Amino acid sequence: MVDLRSKRNKVILSLLIHQGLTTDELRRLEPVHLKLRSGKIWIPGSRHTGSRTLELKAHQVIDLQEYVTKTRPQILTSIKKKTPRPARKAERTDWERLENQLFISMNGSASIKSSLYHMMRALRQINPKIKSCRHMRQSVITYWLKMHDLRKVQYMAGHKRISSTERYQVGHLEDLQEALKKYHPLK
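If you want our numbering, it's the position in the sequence shown, counting the first as 1, plus 8.
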């Protein structure tokens, strides 16, 4: 049987991989931001990122539906019952904030920073090439640039400035070097 933590982490990981979310965006997500019937998720903007609506994969819709209807309420119930867990306990549980957050720490803390740290540590044991959530986001954006035009990737990544997206264009330099080799007059 898969435990609640693993179910939550599976959903978080799919949002990191398929939507390229930042850890701050994960923290700010609320259940009302999910538009599961239309297969979309609304990512609220911040000072650094723009708000956007992104498509969800079919399996994500199913996993998110199960998380919102079953897993998340079970996590909240276990926090209310103060079920003993090996994790460090939150000093004071902010119930209003927890009720509004999509992703909740297993110990009742409003911060999921520790949860993400442990999830990434477990992932690194499976695949040592994975460095961090930021590294995953960078890989996703680089992949998107191979599939979509620059402006679409800017929107998908939530970048307010196009220059932020252009930094991920690693292939651009390789293309330039190939062109220089091909057309160099002293060849």
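Ideal placement from N, C-alpha and C gives every residue a C-beta, glycine not left out.
Fair warning: this is a prediction, and the values are worked out from it, not measured in the lab.
My understanding is that A68 touches S14, with C-beta atoms under 8 Å, so please give their C-beta distance in whole angstroms. Indexing the sequence shown from 1 puts residue 68 at position 60. Indexing the sequence shown from 1 puts residue 14 at position 6. Here residue 68 turns out to be Gln, not Ala, going by the sequence shown. The C-beta distance from Q68 to S14 rounds to 16 Å, too long to meet the 8 Å contact threshold.
Euclidean distance between Cα positions of G20 and S140: Position 12 of the sequence shown, counted from the start, is the residue given in the question as residue 20. Position 132 of the sequence shown, counted from the start, is the residue given in the question as residue 140. A small fix is needed here, since residue 20 is Ile in this sequence, not Gly. The alpha-carbon atoms of I20 and S140 are separated by roughly 13 Å.
What alpha helix (DSSP H) runs, 4 residues minimum, are completely inside the stretch 75 to 158? Runs of the alpha helix (DSSP H) inside the stretch 75 to 158: 80 to 88, 103 to 108, 121 to 134, 141 to 155.
Taking 7 Å as the cut-off, decide whether the C-beta atoms of G166 and G47 are in contact. Translated into positions along the sequence shown, residue 166 becomes position 158. Translated into positions along the sequence shown, residue 47 becomes position 39. Not closer than 7 Å, so no.
Cβ contact (3+ pairs, closer than 8 Å) linking the stretch 100 to 119 and the stretch 31 to 44: Counting C-beta pairs closer than 8 Å gives three or more between the stretch 100 to 119 and the stretch 31 to 44, which meets the contact rule.
Identify whether L12 lies in helix, strand or coil by the three-state DSSP scheme. The residue labelled residue 12 in the question sits at position 4 within the sequence shown. Looking at L12 - three-state DSSP - the assignment turns out to be helix.
Under a Cβ-count criterion, where at least 16 other Cβ atoms within 10 Å of its own Cβ denotes burial, should I202 be classed as buried or exposed? Any answer about residue 202 is impossible in this case: the structure gives the chain only from 9 up to 195.
Here's the rule I'm using: 16 or more other beta-carbon atoms within 10 Å means buried, otherwise exposed. How should D11 be labelled? Here residue 11 is taken as the residue at index 3 of the sequence shown, counted from 1. That one is exposed.
Does D32 have its Cβ less than 7 Å from a Cβ in chain B? Here there is only one protein chain, and chain B is not present.
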